[in-house]
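Structure record follows, encoded as structure tokens.
In this note's numbering, the protein residues as written are 399 to 740.
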């Protein structure tokens with residue numbers, strides 16, 4: 399296990415930011431420099447829908463620009479899994495950063511998890527095997543036989559399960575602002591464990607209030623945004639909430655799905671984190687902000703104890719959306735996972 403803390407600025411004599419596949423120290427970057435976009439075509443993505451074990455699953459796919467190979471002729475994807483308050487669009491600031499730096503291209507599959515974005519809700523009795531299995535169904539329908547998986551928040555939780563259950567196909571798991579042990583405990587015992595992650599406990603309570611309204615909850619959240627109240631609700635998620643692009647707050651209003659959020663919390667509450675994650679064989683890289691209210695040092699310690707090959711990076715001036723708040727630092731921390739040399 400290795401651990402690093404990115405300072406955000408190179409030390410005297412330090413090399414310039416590393417190219418794709420080589421770790422480095424990023425230059426100091428502006429906070430949340432790029433807003434979200436819903437224009438997949440502008441980033442070279444195509445919209446695809448695949449029928450999976452949970453029904454239709456939507457994804458934005460960018461390929462044929464030089465797919466990586468594992469040396470045996472198989473096609474390798476980079477799978478992006480968003481968190482419980484977003485969709486594929488939450489990755490667009492990081493993707494824009496990769497494109498800006500002209501990093502080695504790779505096949506990217508940014509899906510909308512079942513119940514979010516353009517993917518319809520799934521059966522309330524479905525579990526994490528069904529959700530991760532739906533992602534696998536989609537990847538294989540696109541012709542991919544192995545993958546690097548990158549997950550944010552809830553998506554990191556699913557990424558780790560995918561690494562545990564698909565050890566031959568999962569080449570690496572990269573986690574951005576991962577929701578892991580403390581969040582699962584709060585989901586399991588919201589009253590007794592709320593002090594560990596009060597922001598998550600509060601958000602879960604809000605989502606439980608909104609969940610009965612179904613899709614109507616989105617209209618209520620948009621009304622909060624128009625009244626300039628949504629920013630107050632989501633402020634704890636960001637290190638500098640007043641500097642977050644308007645497109646990010648708008649996306650939270652548009653894309654949060656309270657019923658799916660509550661269902662995800664239920665899945666986390668009943669999940670055996672140590673039992674499953676101790677089976678992971680691939681390298682795991684985790685990066686989070688030092689102001690993340692959903693993840694902390696205690697989660698890092700537990701992850702290092704359970705997962706045999708893990709590196710941990712903490713970046714300054716970032717909260718729970720590190721890939722939006724500090725995309726350059728996140729790229730530097732995670733890109734080695736995608737190199738064939740890793």
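Virtual Cβ for every residue (Gly too), placed ideally from N, Cα, C.
Residue i to residue j span [Cα, whole Å]
i, j, result
"residue 496", "residue 571", "18 Å"
"residue 829", "residue 576", "Lying outside 399 to 740, the shown extent of the chain, residue 829 is not represented and no answer is given."
"residue 727", "residue 567", "27 Å"
"residue 469", "residue 631", "Unreliable placement is indicated for residue 469, whose pLDDT of 47 sits below 50; the coordinate value is still reported in the next sentence. Looking at the two C-alpha atoms, the distance is approximately 48 Å."
"residue 676", "residue 489", "28 Å"
"residue 666", "residue 579", "9 Å"
"residue 465", "residue 541", "With a pLDDT of 45 at residue 465, under the threshold of 50, the predicted position of this residue should be treated as unreliable, and no value is reported."
"residue 544", "residue 538", "9 Å"
"residue 529", "residue 513", "10 Å"
"residue 444", "residue 591", "43 Å"
"residue 712", "residue 583", "22 Å"
"residue 481", "residue 655", "11 Å"
"residue 697", "residue 663", "17 Å"
"residue 621", "residue 648", "11 Å"
"residue 661", "residue 474", "30 Å"
"residue 523", "residue 555", "18 Å"
"residue 532", "residue 432", "30 Å"
"residue 673", "residue 707", "16 Å"
"residue 581", "residue 694", "10 Å"
Cβ separation of residue i and residue j, assumed to be a contact under 8 Å, to the nearest whole Å
i, j, result
"residue 687", "residue 638", "Incorrect: roughly 11 Å between the Cβ atoms, too far for contact."
"residue 478", "residue 508", "4 Å"
"residue 573", "residue 549", "6 Å"
"residue 595", "residue 692", "6 Å"
"residue 723", "residue 636", "6 Å"
For residue i, the first and last residue of its enclosing beta strand (DSSP E)
i, result
"residue 586", "Not the beta strand (DSSP E): residue 586 falls in the alpha helix (DSSP H), residues 579-586."
"residue 683", "682-687"
"residue 507", "505-509"
"residue 449", "444-450"
"residue 710", "708-713"
Beta-ladder partner(s) of residue i, from DSSP
i, result
"residue 546", "476, 570"
"residue 458", "445, 508"
"residue 612", "DSSP lists no partner for residue 612."
Of the residues the options, the one placed nearest residue i, counting alpha carbons only
i, options, result
"residue 644", "428, 434, 427", "434"
"residue 483", "659, 525, 474", "659"
"residue 427", "716, 593, 557", "716"
"residue 586", "710, 527, 450, 671", "671"
"residue 602", "633, 657, 620", "657"
"residue 429", "475, 451, 457, 492", "492"
"residue 437", "609, 485, 654", "485"
"residue 460", "615, 506, 452", "506"
"residue 511", "668, 453, 562, 498", "453"
Extent of the continuous alpha helix (DSSP H) to which residue i belongs
i, result
"residue 722", "720-723"
"residue 603", "596-608"
"residue 674", "671-675"
"residue 659", "656-667"
"residue 531", "526-539"
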